[in-house]
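**Student:**
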Amino acid sequence: MNKIRVFSGIQPSGEMHLGNYLGAVKQWVENQGKEKENFYCIVDLHAHTILRDPVELRDNIRSLAAMLFACGLSHEKSTVFIQSQVRAHAEACWLLNCVTPMGWLERMTQFKDKKEKLNSISAALLDYPVLQTGDIILYDADEVPVGEDQKQHVELARDIAQRFNNLFGETFKLPEPIIPTIGARVMNLSNPTSKMSKSFDEDDGGVVGLLDDDSKIVKSIKRAVTDSGNDIVFSDDPEKAGVNNLLGIYKVITGKSSDDVEKDFEGARGYGILKEKVAEVVLETIKPIREKYNEYISDKSELDRLLDIGAENARLISEPKVLEMKNKMGFI
Ligand code: ATP
Ligand code: LTN
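According to this note's numbering, the sequence shown is numbered sequentially starting from 2.
1) Run the proximity test for HIS90: is its beta-carbon closer than 7 Å to any non-hydrogen atom belonging to the ligand ATP?
2) What is the DSSP secondary structure of ILE218, counted as helix, strand or coil?
3) Nearest CA to the CA of GLN153: which residue from ASP143, ILE179 and GLU171?
4) For SER216 and ASN166, what's the separation of their Cα atoms in angstroms?
5) Just to confirm, does GLN151 get its C-beta within under 7 Å of one of the non-hydrogen atoms of the ligand ATP?
6) So, using beta-carbon positions, are ILE183 and LYS113 closer together than 8 Å?
7) Around the C-beta of ALA225, are 16 or more other C-beta atoms found within 10 angstroms, so that it is buried, or is it exposed?
8) Apart from the five residues on each side of it in sequence, which residues of its chain come closer than 8 Å, Cβ to Cβ, to GLN1?
9) Specify, as a first and last residue, the run of the beta strand (DSSP E) that CYS42 falls within.
10) From ILE290, ASN192 and LEU284, pick the residue whose C-alpha is nearest to that of VAL244; which is it?
11) Any heavy atom of the ligand ATP inside 7 Å of the beta-carbon of ILE11?
12) For the alpha helix (DSSP H) that PRO193 lies in, which residues bound it at each end?
13) How do the region 114-126 and the region 74-84 stand: do at least 3 beta-carbon pairs fall below 8 Å, yes or no?
14) With SER14 and LEU52 assumed to form a contact (beta carbons below 8 Å), what rounded beta-carbon distance in angstroms separates them?
15) Should ASN21 be counted as a contact of the ligand ATP given a C-beta to heavy atom distance under 7 Å?
16) Find the nearest neighbour of LEU212 within the set TYR294, GLU263 and ILE250, judged by alpha-carbon distance.
17) Have a look at ALA242, TRP95 and ALA66 and flag the residue whose alpha-carbon is nearest the alpha-carbon of THR194.
18) Taking all protein chains shown into account, do 16 or more other C-beta atoms lie within 10 angstroms of the C-beta of ILE333, making it buried, or fewer, making it exposed?
19) For PHE82, report the span of its beta strand (DSSP E) as first-last.
20) Taking buried to mean at least 16 other C-beta atoms within 10 Å of its own C-beta, is GLU31 buried or exposed?
21) May I ask you to check if the CB of PHE40 is nearer than 7 Å to at least one heavy atom of the ligand LTN?
22) Please classify CYS99 as buried or exposed, where buried requires at least 16 neighbouring CB atoms within 10 angstroms.
23) Given a cut-off of 8 Å, decide if LYS276 and LYS223 are closer than it, judged by their beta-carbon atoms.
24) Under 8 Å by Cβ, that's how I've got VAL131 and CYS94 pegged, so tell me the actual separation to the nearest angstrom.
25) In terms of alpha-carbon separation, which member of ASP205, ILE318 and ASP238 lies closest to SER221?
26) At the 8 Å Cβ level, is THR50 part of the contact set with chain B, yes or no?
27) Measure from the alpha carbon of LEU304 to the alpha carbon of each residue in LEU74, ILE254 and PHE169, then state which is nearest.
28) How far does the beta strand (DSSP E) with GLY10 in it extend, from its first residue to its last?
29) Helix, strand or coil for PRO239? Go by DSSP, reduced to three states.
30) Considering only residues of the same chain and omitting the five flanking positions on each side of ALA66, which have a CB-CB separation below 8 Å?
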């Protein structure tokens, strides 16, 4: 039986944060213990849609690679690689552009959100989900483990793959987004109605970076926006989004059920104790990751060696696939 193939990506657009870890990377690490074939990609071509500083980008790429290995990805159990080092990705993007209706891209909510926030945008920002589609379908991925915000992009990848299959004959598998039931949307601590994000952090305290020091993390959590009540329970009420977010973080890290989480805080007065407990479990999670990160980042040549192995492996699968696309489309 063929193993389930998993593909996912993360942008080197800034320091990895708790949302990336709980929403995506934690699942990637867990997948390694299952009978799956795993591909995890540092999507630097995607990051260039917004981040234009070459020095910063280069630093971010290595830092993110060190962070992924520190979180537990292994070059033996997963193919971990840099997108721009595997040419098939950019090539597939062009080929897929030719079959993607413009209207499908214009209605993507991430495009609309980013367009609102930026003064000027590139053609690449609109095209971003087509590049992402290529990433996924070049590998015939069955599963794409991502946070909630990426669900629409993975659904679009299915639509584009289906359209290519209809036009040129069966070529691609249709991927499924895999969204965690908890942790799929970690919110900004200062603004719990927006998701925690690497590149759009207006207020420095709302994002918990995995490389932040303990005191900064404790301070951010203590300052997290809550409400004027004192009930520590899960709730859909937008007024209680801050408390709900803190409870969600606590729940995903401890692995407890919602009932057990609420029991942990039964009888507590005010939100101080909730913030204290959340800070405690977050620090426990981050500390060992930070220590391993320091080891990986201090040996650049070893890091590059691991990434070379990944790129080589990724090419073995994606190059024949892009050739198949070109043949079917009529290129000589
Ligand atoms: P940017 O802000 O530059 O767009 P980002 O912080 O959204 O970056 P990505 O690199 O785009 O991070 O995403 C990597 C993975 O992390 C994706 O699977 C995404 O769904 C997930 N993710 C990002 N932010 C969150 C969040 N706040 N909660 C849960 N998952 C998240
Ligand atoms: N757009 C994604 C990053 C990404 C991705 C992928 C995720 C690029 N290519 C392929 C899953 C599969 C994001 O997280 N913002």
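Just so it is clear, CB atoms sit at the ideal spot from N, CA and C, and this is done for glycine as well.
Treat the numbers as computed from the prediction; the structure is a model and nothing was measured.
**Tutor:** Considering the structure as presented:
1) no
2) helix
3) The candidate whose alpha carbon is nearest that of GLN153 is ILE179.
4) 53 Å
5) Flag set: Cβ of GLN151 near the ligand ATP.
6) no
7) Buried, since its Cβ has 16 or more Cβ neighbours within 10 Å.
8) Look at the range of the chain in this structure, 2 to 333, and you will see that residue 1 is not part of it.
9) In the DSSP assignment, CYS42 falls within the beta strand (DSSP E) that extends over 37-43.
10) ASN192
11) Indeed, a heavy atom of the ligand ATP lies less than 7 Å from the Cβ.
12) Premise fails: PRO193 is in no alpha helix (DSSP H) and is neither H nor E.
13) no
14) 5 Å
15) yes
16) TYR294
17) ALA242
18) exposed
19) 79-83
20) Exposed, by the Cβ-count rule.
21) no
22) exposed
23) Taking 8 Å as the Cβ cut-off, LYS223 and LYS276 qualify as a contacting pair.
24) 6 Å
25) ASP205
26) Protein chain content of the structure displayed is limited to a single chain, and chain B is not contained in it.
27) LEU74
28) That run of the beta strand (DSSP E) goes 5-11.
29) helix
30) These residues qualify, in order along the chain: ILE43, VAL81, ILE83, TYR297, LEU304, LEU307 and LEU308.
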